[in-house]
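A.B. asks: Got a structure here, written out as structure tokens. Questions coming.
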Ligand SMILES: Nc1ncnc2c1ncn2[C@@H]1O[C@H](COP(=O)(O)OP(=O)(O)O)[C@@H](O)[C@H]1O
Ligand SMILES: Nc1ncnc2c1ncn2[C@@H]1O[C@H](COP(=O)(O)OP(=O)(O)O)[C@@H](O)[C@H]1O
Ligand SMILES: [Mg+2]
Ligand SMILES: [Mg+2]
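Protein chains in written order, with my numbering: chain A, 280 to 529; chain B, 60 to 336.
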């Protein structure tokens, strides 16, 4: 078994009295693509945000690539290892910034000097030519914005990508393109993915294992093989699986 | 089958600063007491088609059709008051997000009664009874309690059931549901669809179900229209979806990741300029 990329143990996140994460544990291996599914409000985004240091956590532990983290404190090094891509590229990319500025920012923060080469390479990798470099993000389609968000996440050459519903706001045909792009990047760079989606079809396509969440708790963690062979134990997992097959008249 | 609705060569366009946007470009179909799905990617003209039938096309838009008729009534020549009378009473529309369609400062029960009283001469007492019966019909367990709640006090799934109750309380003959469950979780989505399905078949309504989700639409509707760039590129019975002929329909079906199939990379849609001609 390969080494642990990321380990969350007994994590608790509270907003006032409300437990958004209630004793959540996941273990993601190096190079693995790990999925998280569950209904809205189940705590999927909160989990990714707590890992990324965007939310604090009350108790439990977080270990990423051998280093332990607490609260919201993350070193600069952490962001060289872990990057996040959000659902809504409209919200996560400043509309009045050029693509160039958006890609330059992380490079500047981390003191890179070969910025031109890196920006050109990043745009190329996400299938957008250098012609996009000086466009404003509000001039881009949803799919193009998500490509920029991915380029921005990859430009620091992280090891782990946290993907929060990266294709949920996109049309099916654009979703397929973005999923293919993510898979290619993972293959080329040996990345580890932690991917959140409400769509079991997307998770089973992209991941090897997944955790089902509900109301801030882990329902169960199963392999995608087990999911496909109905070899899981929880009714809720079955309900999600049945629902993903569409409407049935009986 | 008698035709409840006839749409022939419907066109809707918007004048904009950068020129005219043709949102709907010659859409034709007919509908009886059946479930018709309209699918297509965002911007393909689905909502504008539905809104044109409802008479909710924005005032500055241009609308034309060879025929746009509901139960023999020519909708384009009908007066504003005739159309208002049809809307809500005989033709109703459910939108994706109940938050935009429900009045935030009026209790749910009150809103349903008001809708009813706009179209029918009923007493408050009868209105209340019918509103409660309708809330029960959409499987709200505790209708008396929900009756007195405000829209923000109910969940998304419950809000959508309330919307359905409000839209069906006058017993419309045609219901247009525009992405009615897209904002809901998959399991809740199916519960809401089951309610809609039951009401449509019990009451013998015609239903136009608009969605971007081809798989969901085909599992729910009898017939599917596929739109691309403001036009209908294909129309087929849901059962024959696998035999779709148009490359866009085929592409839409193939690009979806499904459980148990392993296609890496996923096939992507190769758009052809001639599809939009
Ligand atoms: N900053 C916050 N303050 C208060 N409640 C929050 C906050 N962030 C999330 N929540 C609540 O925590 C729960 C889990 O939210 P989230 O992680 O976004 O769910 P998911 O991503 O699974 O849809 C929800 O009930 C949400 O309303
Ligand atoms: N008020 C408007 N002004 C200009 N263009 C509009 C307006 N409303 C809709 N459109 C355009 O009409 C086309 C079809 O829109 P719509 O029917 O909402 O698509 P769909 O519901 O399939 O996503 C889109 O290209 C959209 O940009
Ligand atoms: Mg979320
Ligand atoms: Mg629409």
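All C-beta atoms in this analysis are idealised placements derived from N, C-alpha and C, irrespective of residue type, glycine included.
Model, not experiment: these values are computed from the prediction.
Which two residues bound the contiguous alpha helix (DSSP H) that contains residue 479 of chain A?
C.D. replies: Working through the first chain from its first residue, we reach residue 479 of chain A at position 200. 479-485 is the span of the alpha helix (DSSP H), which, as asked, contains residue 479 of chain A.
A.B. asks: What separation, rounded to the nearest whole angstrom, lies between the Cα atoms of residue 142 of chain B and residue 134 of chain B?
C.D. replies: Counted from its first residue, the second chain places residue 142 of chain B at position 83. Counted from its first residue, the second chain places residue 134 of chain B at position 75. Computed Cα separation, rounded: 7 Å.
A.B. asks: Who are the Cβ neighbours of residue 267 of chain B in its own chain at under 6 Å, not counting the five residues just before and after it?
C.D. replies: Numbered from its first residue, the second chain carries residue 267 of chain B at position 208. Taken in chain order, the residues that qualify are 95 and 235.
A.B. asks: So what's residue 60 of chain B in DSSP terms, helix, strand or just coil?
C.D. replies: Within the second chain, numbered from 1, the residue matching residue 60 of chain B stands at position 1. Confidence at residue 60 of chain B is low in this model, with a pLDDT of 49, below 50, so its placement is unreliable and the value that follows should be read with caution. Residue state, collapsed to three classes: coil.
A.B. asks: When Cβ atoms are compared, which residues of the stretch 435-454 of chain A fall closer than 7 Å to chain B?
C.D. replies: 450, 451 and 452
A.B. asks: Is the shortest distance between the beta-carbon of residue 526 of chain A and the beta-carbons of chain D less than 9 Å?
C.D. replies: Judged by its chain identifiers, the structure shown contains no chain D, and its protein chains are A and B.
A.B. asks: Closest to residue 527 of chain A by CA distance: which of B:303, B:71, B:306 and B:251 is it?
C.D. replies: The residue you call residue 527 of chain A lines up with position 248 of the first chain. Nearest C-alpha to residue 527 of chain A: B:251.
A.B. asks: With a CB to CB cut of under 8 Å and the five nearest residues on each side skipped, what residues in its chain are close to residue 60 of chain B?
C.D. replies: The count along the second chain starts at 1 and reaches residue 60 of chain B at position 1. Confidence in residue 60 of chain B is poor, its pLDDT being 49 and thus under 50, which makes the residue's placement unreliable; the coordinate value appears in the next sentence. In its chain, beyond the 5 residues on either side, 91, 92 and 93 have a beta carbon closer than 8 Å to the beta carbon of residue 60 of chain B.
A.B. asks: Within 10 angstroms of the Cβ of residue 315 of chain A, are there 16 or more other Cβ atoms? Answer buried if so, exposed if not.
C.D. replies: Position 36 of the first chain holds residue 315 of chain A. By the neighbour-count rule (16 or more Cβ atoms within 10 Å), residue 315 of chain A is buried.
A.B. asks: Looking only at DSSP bridge pairs, what is residue 294 of chain B linked to?
C.D. replies: Position 235 of the second chain, counted from the first residue, corresponds to residue 294 of chain B. B:284, per the DSSP bridge assignment.
A.B. asks: Short check: CB of residue 417 of chain A to CB of residue 375 of chain A, under 9 Å?
C.D. replies: In the first chain, residue 417 of chain A corresponds to position 138, counting from 1. In the first chain, residue 375 of chain A corresponds to position 96, counting from 1. The answer is yes: Cβ separation under 9 Å.
A.B. asks: Interface residues of chain A around residue 314 of chain B at Cβ under 7 Å?
C.D. replies: As a first step, residue 314 of chain B is located in the second chain; it is residue number 255 there, counting from the start. In chain order: 451, 452 and 455.
A.B. asks: Identify each residue in the stretch 262-291 of chain B for which the Cβ-Cβ distance to at least one residue of chain A is less than 7 Å, and report them in chain order.
C.D. replies: 271, 274, 275, 278 and 279
A.B. asks: Considering only heavy atoms of ligand 3, does any lie closer than 8 Å to the CB of residue 221 of chain B?
C.D. replies: Here residue 221 of chain B is taken as the residue at index 162 of the second chain, counted from 1. No - ligand 3 has no heavy atom lying nearer than 8 Å to the Cβ of residue 221 of chain B.
A.B. asks: Under 8 Å from any heavy atom of ligand 2, does the C-beta of residue 526 of chain A make it?
C.D. replies: Working through the first chain from its first residue, we reach residue 526 of chain A at position 247. Every heavy atom of ligand 2 is 8 Å or more from the Cβ of residue 526 of chain A, so no.
A.B. asks: Quick one, are the C-beta atoms of residue 532 of chain A and residue 491 of chain A less than 9 Å apart?
C.D. replies: Outside the shown range of chain A (280 to 529) lies residue 532 of chain A, about which nothing can therefore be said.
A.B. asks: Work out the CA separation of residue 465 of chain A and residue 302 of chain B for me, nearest whole Å.
C.D. replies: Position 243 of the second chain holds residue 302 of chain B. Position 186 of the first chain holds residue 465 of chain A. Near 35 Å, if we compare the C-alpha coordinates of residue 465 of chain A and residue 302 of chain B.
A.B. asks: List in chain order: all unbroken beta strand (DSSP E) runs of 3+ residues lying wholly within the stretch 281-313 of chain A.
C.D. replies: 283-294 and 297-308
A.B. asks: Would you say the beta carbon of residue 318 of chain A comes nearer than 8 Å to a heavy atom of ligand 3?
C.D. replies: Taking the first residue of the first chain as 1, we reach residue 318 of chain A at position 39. No, the beta carbon of residue 318 of chain A sits no closer than 8 Å to any heavy atom of ligand 3.
A.B. asks: Give the DSSP-derived three-state secondary structure of residue 197 of chain B in the structure shown.
C.D. replies: Counted from its first residue, the second chain places residue 197 of chain B at position 138. Of the three classes helix, strand and coil, the one that applies to residue 197 of chain B here is coil, per DSSP.
A.B. asks: Could you give the DSSP three-state label for residue 138 of chain B: helix, strand or coil?
C.D. replies: Here residue 138 of chain B refers to the residue found at position 79 of the second chain. Residue 138 of chain B: coil per DSSP, three-state reduction.
A.B. asks: Tell me where the beta strand (DSSP E) around residue 348 of chain A begins and ends.
C.D. replies: Here residue 348 of chain A refers to the residue found at position 69 of the first chain. First-last of the beta strand (DSSP E) with residue 348 of chain A: 346-348.
A.B. asks: My understanding is that residue 406 of chain A touches residue 449 of chain A, with C-beta atoms under 8 Å, so please give their C-beta distance in whole angstroms.
C.D. replies: Locating residue 406 of chain A in the first chain gives position 127, counting from the first residue. Locating residue 449 of chain A in the first chain gives position 170, counting from the first residue. Incorrect: roughly 14 Å between the Cβ atoms, too far for contact.
A.B. asks: Taking C-alpha atoms, which residue in B:330, B:63 and B:246 lies nearest to residue 319 of chain A?
C.D. replies: In the first chain, the residue the question calls residue 319 of chain A occupies position 40. Ranking the options by Cα distance to residue 319 of chain A, first place goes to B:246.
A.B. asks: Scan the stretch 482-512 of chain A for residues whose Cβ lies nearer than 8 Å to a Cβ of chain B and list them as they occur along the chain.
C.D. replies: 483, 484, 485, 506 and 507
A.B. asks: Using a Cβ-Cβ distance under 9 Å, would residue 311 of chain A count as near chain B?
C.D. replies: The sequence position of residue 311 of chain A within the first chain is 32, counting from 1. Output row for residue 311 of chain A: interface = no.
A.B. asks: Output yes if chain A places a C-beta closer than 9 Å to the C-beta of residue 256 of chain B; else output no.
C.D. replies: Residue 256 of chain B sits at position 197 when you count from the first residue of the second chain. Yes, residue 256 of chain B lies at the interface with chain A (some Cβ there is under 9 Å from its Cβ).
A.B. asks: When you get a sec, list the residues whose CB is within less than 7 Å of any heavy atom of ligand 4, chain order please.
C.D. replies: B:101, B:105, B:106, B:237, B:238 and B:269
A.B. asks: Who does residue 67 of chain B pair with in a DSSP beta bridge?
C.D. replies: What you label residue 67 of chain B is simply residue 8 of the second chain in a count that begins at 1. According to DSSP, residue 67 of chain B bridges with B:126.
A.B. asks: Suppose the cutoff is 7 Å on Cβ atoms and the five residues either side in sequence are ignored; what does the same chain contact list for residue 409 of chain A look like?
C.D. replies: Walking along the first chain from the start, residue 409 of chain A turns up at place 130. Here the set comprises 399 and 402.
A.B. asks: Please state if the CB of residue 240 of chain B and the CB of residue 207 of chain B are separated by a distance shorter than 9 Å.
C.D. replies: Sequence index remark: in the second chain, residue 207 of chain B carries index 148 (1-based). Sequence index remark: in the second chain, residue 240 of chain B carries index 181 (1-based). Not closer than 9 Å, so no.
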